[in-house]
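Enquirer: Shown below is the structure under consideration.
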Amino acid sequence: MGRLTRRTVIAALAIATGCYSTGEGPDPVPHAIYFPVGLAVSPGGGALYVANSDFDLQFNSGTVEAYDLARLRKILEPLWSTGDATVRACAAAGLGVNATPVLQPGVCGPLDLRSPPDAASNPEPIVKASARIGAFATDLLYVCHPSEDPTRRGSCSQSGTADPRGSRLFVPVRGDASLTFFEVDDDRPVTPPEPGVVRPSGAQTFRLDCGQAANNGRCADGHRAGVDAHDNTRGLTLPAEPFAIAVSERTDSILVTHQGSGSVSLFTGLGGASVLDAKPALQYVLGGLPGFTTGVAPLPIPGSVARLGLAATNYQPGFVITYRGIPGIPQVEILRVFDDSFAAPSRPFLSRAAAFPLQSTPSGTDSRGIAIDSQPRAACEADCEGRSDENTCVAACSQVALPAYIANRSPASLLVGEVRSPDPNGASDDITIYETVPLAQGPSRVVVGNIRDRRGVARKRVFVLAFDARIIFVYDPVEHRVDGQIRTGRGPYSLVMDPIEPIAYVGHFTDSYIGLVDLDESHGDTFESLVATIGVPNPPQESK
Amino acid sequence: MRKVSLAFVSLVGVAFTWAGCSQNAATVQVRSLERSGKAAFLCLRTNKPVDFPGQPLEGCFSVASPVGADDYSIPHTIALVTQTTRGEVAVVDVTAGAVADANKTIPGFNFLPVGQQPSAIVATPGSSAAFVSVADPLRPGIFAISSSHLLPSQEPADAGRVPTLSTLAACALPDGGSPSDMVLVGDMTKSATDVGGYRAACSATAPVSNASPSPAFSLENETPLYGRQKLVVALPARGELVVIDAQNLLAREPGTFQACDIEATISLRDDRPPSGPGAPPLDAAASVAEGASSASDPGDAGFADGAAVVDANGAPSDGGVCARGVGPALSDGSTLPPADPHPLALALADDGRLFVSDDQASVIHVVDVADPCAATILPPLLPVSAAEPWRRVITGAIAVSPLVSSTMGDRTAKKDKRFVYAVDVKDNGSVMIFDVSRDSTTRTPLSRPDVQFNPFEPPDRLALGSSVKDLTFATHELPVAGPDGVLRREVIGNANPDPPVENDLAYKYRPPSDLVSAGAGPRTLRGTFAFLALSNGQVAVVDVDDYDADFRRPENSDSELLGCTPRVMGEESEYPLASQEASCRVVERHRVRSAAYFSNNSSLRRAPTMQAPPIFYDQDKTVRSIDPKNGGELLPRMLGPNLDNVGINARGLVASLSGSNEFSKVASDLNANPTQAKSNWVAFDLREPRAHVGQTWSVVYEGRLPRWAQGSQGRLQCAADKSAIACETDADPSHFDLYDSSAAFCDSGAEGADLAAAQGIASGDVVEILSDFPDLNDPYWTTVAGTCSRSECEIEYGLADKPVRGTGAAPSSGRDLVVEKAYQDHLALRPHERTSSAKKKPVACCFPYPIRYTVRAGKQWIVTGSVTGFAHHVLPDPSQPDPSIAACVLSCDRNLALRNGRAAGRRSTMPVLAFGEEGVFRSAQLQFVVWEPKELDPSSRDSLFQFDEGGGFSLMSISLGTTSLVLPQSIRYVPGLDRLAIPDAVAQGLLLFNPGSLSVTQALF
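The listed protein sequences derive, respectively, from chains A and B. Going by this note's numbering, the first sequence opens with residue 198, and the numbers climb by one from there. Going by this note's numbering, the second sequence opens with residue 6, and the numbers climb by one from there.
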């Protein structure tokens, strides 16, 4: 048996038995996309982060890389800003013609990250930073510091200002069963300028720090949470197969699901502080759940609670999780985080608060990604600002139902429903799923984003990635229907919206590249289609 | 190299099916139809001129076995099914039982391309053409398909006929005009000058050519019969309907995509009555004022026009507070502001009214399109929710019934009622019913007059287990020949005919005496029914006008207790042709049909019955049989009330044991007197059969409220401003409040001592602490040395699995804390009493962390059904502005009066009570009395009665996929075929459902 074959068999066994990297093999190829599983964009739009999973264990680690997104955007502008779907646009961008449009949709050939079209004028690499992580990363989450004002929702609000402490990227990694995290820049604008800050916040320096500089390029233990049982009072380590990740609205807790077991892990900051302030600690593993846990999303905190404070209202932040392989009646479940602050020592824990059946589908036994759109309630609360009855108004906003979306695999569908919060100060959210929108095979992730309509107005859309069918379905929540289908290459797995332009980036797992999607409705020929390929597609080796 | 490849195949086979380990490869069945959406049907035959192959659908029929695709010796039913993934229309030859390939020169099945997002499809009544709307946001439009293109002889074996976008006539809808639905309306305005005798164009000045188009693109065969066909198209984003001439579109040059000639535009409005201060509330109560009436016959009382659902808003009554009238206010404090109209689905009545659902505005638009060129907007229907009057109710699928009789089962009734069914999108797809008869005066949903006897269903909705995706009405007949040999239709059944019955044609439809053979019964559909396609892959059947309704009732009782209306007061009538069922309400208008006879004596006949007498288990779960000699001194008993006030023929139904309906056989056993009864038993309330379901009943002494059956997490906080430990121990002790923000104590039925006292019960609920103490090695203990220790706490409170509990003398002691008053977010607890005053160990000292707790009834029995759960009518005080912190009160809503789940014990020395008498435990399903011995020992907690209720009302909801998942997308009745056509978005393509056999008879994919 040849070396490659042996490694492959080892890899196959590793996958079958728990997904742990052997640590063998060469270093990963720099500046290359390899089985990408997670994409994130800095809120100022300066950096694109990619988590490469090393899924076939060709290398001794996976990687996380930071790309110069502004430069990518500029190079590819002729493709996404004009609606021109001809080779003329390719030439304008310095790209060739796509020779394999069936595998990689789009007119133009790929943008080679090692040799970009503007290399002559800009010798700087597009990949600005890189770090090595364990194999089999599963997700990537960018988290900003929340506003000091608790009434300001969301940790990475576009209207917010940059936090000089920067932000963090979190990556669940299966290979070493860790939550690996990185210090990165918060490149939102600074208004007003902050005197005395050494590094002006808002700048994008492509910081990507997980202690790798002093650790041979690998993330240091100090940036891998859930590995050391001594980091917590319960002697816990992260269970196998961490999968999806979500952070609470106040960034004080992170939940990680485990697709190979009926458990969920809770990470919190030190002493109830933000998970951005220190190394997050694995505090609790809630086991005994009825199925393998897959998707997770935070429940928005009602405005009244945010104003009065969680402690004053006895409010426990909640998360919704989805299941795979659940016996009996399919369901989603709300878990709540108890900070245990009255205890000495306090040991935060999770509690199962409520389960909600997925009645509007013949089978919900394989649910995946979930997204909850908090914007309608935030908009309601924003409208209350400055009113004489502001508190009453904000309390009433808790009645604004929040759209909820679940990618369901069997049958392939998007489940549409709502989160309702009957009590303005209570942690008693209800989840109702009332519509099943049929999709094609393999829905996995749900992303709430925007397109730009023909009048230049942002319109909300829900994007559902169907891995097997190579389609991203675009659901219009106002018209209550699928109003577009984005044909992708093989294995669309992750999607992130550009915070500045009406474009999105699709991570293609199978052929290891990123597609760029035009989301400007005024572009009749290219709207909701892949117009550019970032990175040279790299088919899996057996198909070469 | 081969090894490498094999190894990688094995690896990547795992990897690529989904980006994660431990995934199995998805098995994808290859089907020609993909994500089917909606279907239209045509009936084609070729012995007519090929250019006019269409004929009315009634001219086609179902065939026993498929006919060859080229064999047009009999007419073929052709289905056009939208394919939403591919932007195509599939052609399915139902008669041939095959999917047609539109281009055999290309591998695979090829369909008619029509553009992305096909949203609706309709066919002309004479099957000359079909029209498909496409909702591609960039290119919204309508495509026309001539039926002459669908004949096999016209299949594109020749290259010139290969269907492409350019071979179809089409027109472009205006900007933002992505259509959601459309219907064809016949313009019957006479014209002496236009082709077919009807007006060709709305505008006299419109440039209409009277020259006949090419026969293949002409509707002139149909116009004399059906009028000039107009497409009425809903454009949600524009909030309007537009009218387009079908002939004009069909005759357009194929391959062009010019703007549609819109002949009329109907701009919709949110025409709800004005809201805001001073305006009447827009709720069901308002509808009562608009036109109250009630059903007169129980057999027709499914939903009633404006029947009162609840008491007046918030008006206190008999000491309680009603549940209604107070909902969360919007930020401006008024009722809902108007919304932009956003039409979604259309339903056309045969009287020319078009009903338009709206998924933004809380109205159902009504438009008179009898003259589509001069459509008139009528007052809208007002979809509201009695349970949530503050909610903006938006609607999805919608259907309108044909005219049906005013009263089901009444031979003398006029056929003058018409109903609209509309789906409440955000109420899990429930269905509202509107009376749109010409004499109707209400515009809000009808409500059930029987809410009191079935408080588990919403009062003004048909709620099913899953959301309704689409719905339709169909009239299904089983005509039989009269004495003259002529087939008769619409024969109304009569359970009590004047003799001789054999001369009555309805006699032929009578129920079978064995309830097995053919005849009137649950699975025999004769009449008009609604068919609801559910998102869970089932079809539910709703009774609208069942010709056999009169047959479905008890045989020899008119008792009101069986939901009947006595014909002769004080006497019981005989109904020789009745189905011997246990209730007169088995068939009710607008209610889901029963799937089985509601009768005793067999597992297939499902009237409520005790499978065996209730068994008493002590707290150790040991069976304790009743000794009749002990005089009720030792063990409690659960006995039904005295049935002397129940009609003699009804008793066997009200108190059925093991399926018997002969009360005389068991009367000696079913004694209501605790000193004489030989066995436990209960009586059933049969006034609303739908309240019953086969389940296990448990009646538990001081049982846990189901919300806390598994315990929950909360924290104790001193009511006074002092530390938790000082709360109990300083000079001015206070009491604890238990906070659990996710508990919703009122909604879960918790009661404090105040509510218990109002009901004559000795104790409020009890909070029992389930937590263990901190571990012996927990550093915590060192911080409270001198106040408490683990061992002292164990003595005072006991361990979790061996607790010290409250006693009669000190109910709030040990791990028990009596609830003084319940609020939605917390429980105010009675100060803790200690059994050992010498060594008081504060609760907060022994349980310093958030406690795990449960809530139990105090000195009561908790009644729980394994399916229906624990019923109560506790709610947060609606007069409080913030419901999340409001005190718990009992609703005075009489419709909720039977939502009971607490039974107070009765001393055996007290008088026996009669059926329905105050003091008897009454719920919507059961009546009984728990006779307690002289004193129940505190250790009796968790002792229980348990029994199985057999039978129960089973809803007719039929699964469409026995071996595969089905996601029905639409449903429509196909006359001629006598089938319901249900496109499936998963794998079954097009399902044909036979309302006669109540099964899927064909799946075409």
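The beta carbon of each residue, even a glycine, is placed where N, CA and C say it ideally should be. Since the model is a prediction, treat every value here as computed from it, not as a measurement.
Could you confirm whether any beta carbon from chain B is found closer than 8 angstroms to the beta carbon of Thr321(A)?
Expert: As a first step, residue 321(A) must be located in the first sequence, where it is residue number 124. Thr is not the amino acid found at residue 321(A); the sequence shown has Glu there. No - not a single Cβ of chain B is within 8 angstroms of the one on Glu321(A).
Enquirer: So, does the CB of Pro635(A) fall closer than 8 angstroms to a CB anywhere in chain B?
Expert: As a first step, residue 635(A) is located in the first sequence; it is residue number 438 there, counting from the start. Pro635(A) counts as touching chain B.
Enquirer: Between Glu615(A) and chain B, is there a C-beta pair that is closer than 8 angstroms?
Expert: Taking the first sequence and counting its residues from 1, the one referred to as residue 615(A) is at position 418. With 8 angstroms as the cut-off, Glu615(A) counts as an interface residue toward chain B.
Enquirer: I'd like the span of the alpha helix (DSSP H) that includes Glu799(B), first residue to last.
Expert: Position 794 of the second sequence, counted from the first residue, corresponds to residue 799(B). Where Glu799(B) is concerned, the enclosing alpha helix (DSSP H) stretches over 795-802.
Enquirer: Decide if Met915(B) is buried, meaning its Cβ has at least 16 other Cβ atoms within 10 Å, or exposed.
Expert: Counting from 1 along the second sequence, the entry for residue 915(B) is found at position 910. It is exposed - the Cβ of Met915(B) has fewer than 16 other Cβ atoms within 10 Å.
Enquirer: Answer with yes or no whether the minimum CB distance from Met431(B) to chain A is below 8 angstroms.
Expert: Position 426 of the second sequence, counted from the start, is the residue given in the question as residue 431(B). At residue 431(B) the sequence reads Lys, which differs from the Met that was named. Yes, because at least one Cβ of chain A sits closer than 8 angstroms to the Cβ of Lys431(B).
Enquirer: Give me the DSSP bridge partner(s) of Gly235(A).
Expert: Taking the first residue of the first sequence as 1, we reach residue 235(A) at position 38. Paired residue(s): Ala248(A).
Enquirer: Spell out a yes or no on whether the segment 474-491 of chain B and the segment 891-904 of chain B are touching, meaning 3 or more CB-CB pairs, one atom from each, closer than 8 angstroms.
Expert: no
Enquirer: Check whether the segment 620-634 of chain A and the segment 507-514 of chain A touch, using three or more Cβ-Cβ pairs below 8 angstroms as the test.
Expert: yes
Enquirer: So Gly623(A) contacts chain B; which residues on that side make the cut at Cβ distance below 8 angstroms?
Expert: Here residue 623(A) refers to the residue found at position 426 of the first sequence. Here the neighbours are Ser746, Ser747, Ala749, Gln829, Asp830, Ser889.
Enquirer: Taking the alpha-carbon positions, what's the Gly372(A) to Gln365(B) distance?
Expert: As a working note, residue 372(A) is residue 175 in the first sequence. As a working note, residue 365(B) is residue 360 in the second sequence. Gly372(A) and Gln365(B): Cα-Cα distance of roughly 48 angstroms.
Enquirer: For Gln122(B), decide whether its Cβ has a neighbour in chain A, counting only Cβ atoms nearer than 8 angstroms.
Expert: Start at 1 with the first residue of the second sequence, and residue 122(B) comes out as number 117. Yes, because at least one Cβ of chain A sits closer than 8 angstroms to the Cβ of Gln122(B).
Enquirer: Quick check on Val591(B): does DSSP put it in helix, strand or coil?
Expert: Residue mapping note: residue 591(B) aligns to position 586 of the second sequence, counting from 1. Coil.
Enquirer: Can you tell me which of the three DSSP states Ser717(B) falls into?
Expert: In the second sequence, residue 717(B) corresponds to position 712, counting from 1. It is a strand residue.
Enquirer: Taking all protein chains shown into account, decide if Ile79(B) is buried (16 or more other Cβ within 10 angstroms of its Cβ) or exposed.
Expert: Walking along the second sequence from the start, residue 79(B) turns up at place 74. Taking all protein chains in view, the Cβ of Ile79(B) is surrounded by fewer than 16 other Cβ atoms within 10 Å, so the residue is classified as exposed.
Enquirer: Within the chosen definition, does the segment 739-756 of chain B reach the segment 779-794 of chain B through at least 3 CB pairs nearer than 8 angstroms?
Expert: Short answer: they don't touch.
Enquirer: Can you give me the Cβ contacts of Ser564(B) inside the same chain, cut-off strictly under 6 angstroms, excluding the 5 residues immediately before and after it?
Expert: Residue mapping note: residue 564(B) aligns to position 559 of the second sequence, counting from 1. Cβ within range, chain order: Gly652, Ala655.
Enquirer: State the beta-bridge partners of Gln543(B) as determined by DSSP.
Expert: Numbered from its first residue, the second sequence carries residue 543(B) at position 538. Beta-bridge pairing links Gln543(B) to Ser964(B).
Enquirer: Write down every uninterrupted run of the alpha helix (DSSP H) in the segment 946-1003 of chain B whose length is 4 residues or greater and which is fully enclosed by it, in chain order.
Expert: none
Enquirer: Nearest to Trp713(B) by CA position, among Ile774(B), Arg695(B), Gly769(B), is which residue?
Expert: Taking the first residue of the second sequence as position 1, residue 713(B) is located at position 708. When only C-alpha atoms are compared, the closest one is Ile774(B).
Enquirer: Given a cut-off of 8 angstroms on the beta-carbon distance, is the pair Arg861(B) and Asp752(B) in contact?
Expert: Here the question's residue 861(B) lines up with position 856 in the second sequence. Here the question's residue 752(B) lines up with position 747 in the second sequence. Cβ atoms of Arg861(B) and Asp752(B): not closer than 8 angstroms.
Enquirer: Hey, is the segment 466-485 of chain B in contact with the segment 582-599 of chain B, meaning 3+ C-beta pairs nearer than 8 angstroms?
Expert: Yes, the segment 466-485 of chain B touches the segment 582-599 of chain B.
Enquirer: Could you tell me the alpha carbon to alpha carbon distance between Thr260(A) and Tyr246(A), rounded to whole angstroms?
Expert: Looking up residue 260(A) in the first sequence gives position 63. Looking up residue 246(A) in the first sequence gives position 49. For Thr260(A) and Tyr246(A), the distance between alpha carbons rounds to 10 angstroms.
Enquirer: How about the segment 877-884 of chain B and the segment 917-936 of chain B: do they share at least three Cβ pairs that are nearer than 8 angstroms?
Expert: no
Enquirer: Which residues, in order along the segment 67-91 of chain B, keep a beta-carbon less than 8 angstroms from a beta-carbon of chain A?
Expert: Thr89, Thr90
Enquirer: Just to check my reading of the structure: Arg678(A) and Leu662(A) have Cβ atoms closer than 8 angstroms, yes? What is that Cβ distance to the nearest angstrom?
Expert: Indexing the first sequence from 1 puts residue 678(A) at position 481. Indexing the first sequence from 1 puts residue 662(A) at position 465. With a Cβ gap of about 18 angstroms, Arg678(A) and Leu662(A) do not count as contacting.
Enquirer: Measuring only the C-alpha atoms, how far is Gln234(B) from Gln252(B)?
Expert: Counting from one through the second sequence, the residue named residue 234(B) turns up at place 229. Counting from one through the second sequence, the residue named residue 252(B) turns up at place 247. Using only the alpha carbons, I get a separation of about 7 angstroms.
Enquirer: Scan the segment 464-540 of chain B and note each continuous beta strand (DSSP E) run of 3 residues or more that stays entirely inside, going in chain order.
Expert: 473-481, 532-539
Enquirer: What does DSSP give as the partner residue(s) for His831(B) in the beta ladder?
Expert: Position 826 of the second sequence, counted from the start, is the residue given in the question as residue 831(B). In the DSSP secondary-structure assignment, His831(B) is bridged to Tyr744(B).
Enquirer: I need the DSSP call for Cys851(B), collapsed to helix, strand or coil.
Expert: Position 846 of the second sequence holds residue 851(B). Cys851(B): helix per DSSP, three-state reduction.
Enquirer: If we ignore side chains and look at the alpha-carbon of each, how far apart do Glu579(B) and Gly568(B) end up?
Expert: What you label residue 579(B) is simply residue 574 of the second sequence in a count that begins at 1. What you label residue 568(B) is simply residue 563 of the second sequence in a count that begins at 1. Those two C-alpha atoms are separated by around 16 angstroms.
Enquirer: Buried or exposed, going by whether 16 or more other CB atoms sit within 10 Å of the CB of Asp475(B)?
Expert: One-based indexing of the second sequence puts residue 475(B) at position 470. With 16 or more other Cβ atoms within 10 Å, it is buried.
Enquirer: Within a Cβ cutoff of 7 angstroms, which residues of the same chain sit near Arg528(B), ignoring the five residues on either side of it in sequence?
Expert: The count along the second sequence starts at 1 and reaches residue 528(B) at position 523. Closer than 7 angstroms at the Cβ level, and outside the excluded window around Arg528(B), lie Leu1003.
Enquirer: Using a cut-off of 7 angstroms between C-beta atoms, extract the partners of Gln718(B) located in chain A.
Expert: Here residue 718(B) is taken as the residue at index 713 of the second sequence, counted from 1. Ordered by position in chain A, the residues that pass the 7 angstroms Cβ test against Gln718(B) are Phe535, Ser548.
Enquirer: Output, in sequence order along the chain, the residues in the segment 486-501 of chain B whose CB is closer than 7 angstroms to any CB in chain A.
Expert: none
Enquirer: Give the residues of chain B in contact with Phe724(A), contact being defined as C-beta atoms less than 9 angstroms apart.
Expert: Against the first sequence, residue 724(A) aligns to sequence position 527. Per Cβ cutoff of 9 angstroms: Pro142, Leu143.
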